[in-house]
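If you read the sequence shown in the numbering used here, its first letter stands for residue 5, the second for the next number, and so on.
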Amino acid sequence: MSMTNLWVKIVETSGARIYSLIVGMFSLFLTARLLGPEGRGSLAAITSWVALFATVSGLSLGQVSQYRIQVRRQENWLPGILGTLGSVAVITSIAAWAIATLLFHLTNGIFFKGIPGNLLILGFFMLPLMIWDEYSSSLLPATGLLRTYNIAQIAGRTLGLAVLFALVGQLGLGIQGAIAAQIAGQAGIAMIAFYALWVRAGKHLFVETTEIFPLVKGSAKLHLNAIGAFVLGQATILMLNHFATKAEIGWYQLSYQLISVLLVIPQAASVTLFSKMAETGPRDLWPEQKRLGWQLLFAIILMSSVSYFLVPPVIIFFAGDAFAPSGRIFRMLLPVFFGMSFAAFMTNQWIGRGIFIPTTVITFVMAVITMFINYFTIPRFGVDGAVWSMILSFAVISPLIQCGFALYCNKDFRKNAPQAYAKKS
């Protein structure tokens, strides 16, 4: 695949993500205006709790399967891995529901900081859909169904927006309607993804018992990495929910979501690189990936510069004056965008090479440090304390680690493929 073809796939995936993110931004501003800062904060807290349980319950098997696909690249691996992952998603979802119910009743809801039980029950319907989304987002690009992945994202987000407008905008169902809209959108994505993979697998699925142990073994090495990555992001919202006001949660969550919007091109590049890696392997992909990285750096600098001036007034225009503090928070978080972009860009190399334990240790240590800092800074400085902990993690520590790993990938390619390197460089 030439650099031009690689960019074509990135642009195509970016287009789907841009559409999805425009829909997401519209939904974000609509719920912010209709629910207000406190309502938006409550919705963010519920979504974060469900995402936390989905992250833990998913066992990182989507990413582990990427490595297993590299190992079994010459085999017909899809029917067995698809059937195995589908079965795991059902089992772990049931277990997570049971644990969440137990925690709620044993603490009389205190564990979830007073979030009403009916809202939690509704929100947790998203759990199996989120787990399956992780799995399918790894399998679709690896099976040459990148375009189907993009179509599923567009269709699901469109459905979610339509339901949101109907339930919240027209019927005035508030937080319940907003949660139901998220469920509808996730369900649309899940159904399209599963059907496409089922057809690609020859409409034949089975639980591959010989694959269970390698998947579990990989999960044991990698899963704390996923939990740590979640802590670095979503758990900050949960700590704000505990120590700060609902309005501060709403301001921070809106700003953080907008930072996530900027990640559209780096994330599209990551998905495309995973798809390409399924054909060539991580080492042979590296020279092409390195050239792409320098081009992406220019795009990241340009996006950061434009958004610094553009986003704060846009927030006020769409969400109202009540969300004016989000503009200042967004500008403070911009260095985080660079670190997140670099991490997303390098993810395929970490996973494709099976470097699970070092990844887990690094991420988990960073997560512990972030939570430790948040514990002391959020009660004293409020939302600003959360912002500074994110800057330390994503704008300082993470880029240094990714730079070191990029140097390792470069050295590894020079050592093991010198002739190919001479031609491609």
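No residue lacks a Cβ here, since even glycine has one placed at the ideal position from N, Cα and C.
On a predicted model such as this, the values are computed, not experimentally measured, just so you know.
Practice item. Please state if the CB of Phe349 and the CB of Gly4 are separated by a distance shorter than 7 Å. Key: Given that the chain is displayed from residue 5 to residue 429, the structure contains no residue 4 and the question cannot be resolved.
Review point. With 16 as the cutoff for other CB atoms within 10 Å, does Pro317 come out buried or exposed?
Key: exposed
Point to revise | Boundaries of the alpha helix (DSSP H) in which Asn378 is found, first to last residue | key: 361-385
Check your understanding: With DSSP run on the structure shown, which of helix, strand or coil describes Arg335?
Key -> helix
Review point. Which residues bound the alpha helix (DSSP H) around Asp3?
Key: In this structure the chain extends from 5 to 429, so residue 3 is not present and cannot be described.
Check your understanding: Between Ile320 and the rest of its own chain, which residues show a CB-CB distance below 6 Å, the 5 nearest in sequence each way excluded?
Key -> Ala328
Exercise for review: Compute the distance between the beta-carbons of Phe322 and Leu262, then report whether it is under 7 Å.
Suggested key: no
Review point. Does the stretch 10-18 come close enough to the stretch 268-277 that 3 or more CB-CB pairs lie under 8 Å?
Key: yes
Review point. What span of residues does the alpha helix (DSSP H) with Asn80 cover, start to end?
Key: Here Asn80 belongs to no alpha helix (DSSP H), and DSSP marks it neither H nor E.
Practice item. Measure the alpha-carbon distance for Thr213 versus Ala303 and round it to whole angstroms. Key: 45 Å
Check your understanding: Do Ile182 and Leu47 have their C-beta atoms within less than 7 Å of each other?
Key -> The residue asked about is misnamed: residue 182 is Ala in this sequence, not Ile. In contact: Ala182 and Leu47 (Cβ atoms closer than 7 Å).
Practice item. Within its chain, find whatever has a CB closer than 7 Å to the CB of Ala170; leave out the 5 residues flanking it on each side and keep chain order. Key: none
Point to revise | Straight-line Cα distance separating Ile85 from Asp137 | key: 15 Å
Practice item. Reducing DSSP to helix, strand and coil, say where His246 ends up. Key: helix
Review point. Which residues in the same chain have their Cβ closer than 6 Å to the Cβ of Gly358, if we skip the five residues on either side of it in sequence?
Key: Tyr71
Review point. What's the gap between the Cα of Ala159 and the Cα of Gly189?
Key: 8 Å
Review point. In this structure, does DSSP put Thr17 in helix, strand or coil?
Key: helix
Check your understanding: Are the stretch 251-260 and the stretch 118-132 touching, with three or more C-beta to C-beta distances below 8 Å?
Key -> no
Point to revise | Own chain residues within Cβ distance below 7 Å of Gln293, not counting five before or after | key: Leu277
**Study point:** contact_flag[the stretch 192-212, the stretch 333-347] where n(CB pairs < 8 Å) is 3 or more
**Key:** no
Exercise for review: Quick one: give me the first and last residue of the alpha helix (DSSP H) that Ala197 is part of.
Suggested key: 178-204
Check your understanding: Once you ignore the five residues that flank Trp290 on each side, which residues in its own chain have a CB closer than 6 Å to its CB?
Key -> Cys413, Phe417
Point to revise | First through last residue of the alpha helix (DSSP H) which encompasses Lys419 | key: 402-420
**Study point:** Per-residue DSSP class, three states only, for Lys207
**Key:** coil
Point to revise | Element boundaries [alpha helix (DSSP H), containing Gln74] | key: 65-75
Check your understanding: For Glu292, which three-state DSSP category applies?
Key -> helix
**Study point:** Whole-number beta carbon distance between Ile73 and Ala282, since they are thought to touch under 8 Å
**Key:** 6 Å
Review point. Taking Trp81 as the reference, which of Phe30, Leu175, Ala146, Ile135 has the closest Cα?
Key: Ala146
Check your understanding: Where are the alpha helix (DSSP H) runs, 4 residues long or more, that stay fully inside the stretch 249-274, in chain order?
Key -> 250-266
Exercise for review: Go ahead and pull the three-state DSSP assignment for Leu175.
Suggested key: coil
**Study point:** Same chain only: Cβ atoms within 8 Å of Lys427, ignoring 5 sequence neighbours per side
**Key:** With a pLDDT of only 48 at Lys427, under the threshold of 50, the placement of this residue in the model should not be trusted, and no figure is reported.
Exercise for review: State whether the stretch 218-232 contacts the stretch 363-371, with contact taken as three or more CB pairs (one from each stretch) at a distance under 8 Å.
Suggested key: yes
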